[in-house]
Ligand SMILES: [Zn+2]
Ligand SMILES: [Zn+2]
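Numbering (the working numbering), first residue to last: 1 to 167.
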């Protein structure tokens, strides 16, 4: 699942299933408190069609952080919801349902009680990208940048099976 589809399909069934795997974890862990940032991403093996380099590509993030990618070199950067503060609250406020099952009660509380103005997905995406800032290579971290070969920066890469699930 790419970030694009994750953002577009926040309330789809597949997102619910993804989050459901961690539903029995302690609530505080799920929300990334106690200094732990839970991740729901996965890695795939990839091969560059231009230079033949073999590497791994990280996909996704979770309900505690977003994974952004540099639009020039493809390097990833995680931005925790904690770091977004009110921006994330305003986004939850604007959703019609919970962000995911694991945090549904928390999310409903925010929708019903948080004294913040809701924002659209576009506004939220721009805000997340502003928090992530720029990569040291001069590129900009975005939610929709494609993965790149770390060696030659080509986007012509072939992705294989998902190899590692991490949390
Ligand atoms: Zn390459
Ligand atoms: Zn970069």
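Note that beta-carbon positions come from the ideal geometry of N, C-alpha and C, so glycine has one too. Since this is a predicted model, take the numbers as computed values, not measurements.
query: Of the residues 94, 126, 124 and 129, the one placed nearest residue 113, counting alpha carbons only; result: 94
query: 7 angstroms Cβ shell around residue 116 - same chain, five flanking residues per side excluded; result: 86, 89, 90 and 93
query: Cβ-heavy atom distance, residue 47 to ligand 2, below 7 angstroms; result: no
query: Identity of the residues DSSP links to residue 93 by a beta bridge; result: None, per the DSSP bridge assignment.
query: Limits of the unbroken alpha helix (DSSP H) element including residue 126; result: 121–132
query: DSSP bridge partner residues for residue 84 (one or two, in chain order); result: Bridge partners of residue 84: none, in fact.
query: Contact between the region 53–72 and the region 122–132 (3+ Cβ pairs under 8 angstroms); result: yes
query: With 16 other Cβ atoms within 10 Å as the buried cut-off, status of residue 149; result: buried
query: Bridge partner(s) assigned by DSSP for residue 59; result: 42
query: Backbone secondary structure at residue 157 - three-state DSSP; result: strand
query: Contact under 8 angstroms by Cβ, residue 72 with residue 137; result: yes
query: C-alpha distance - residue 42 paired with residue 59, whole-angstrom precision; result: 5 angstroms
query: Which residues DSSP lists as bridging residue 79, in chain order; result: 66
query: Ligand 2 site residues, beta-carbon cut 6 angstroms against heavy atoms; result: 70, 72, 73, 75, 135, 137 and 139
query: Helix, strand or coil at residue 54 [DSSP, three-state]; result: strand
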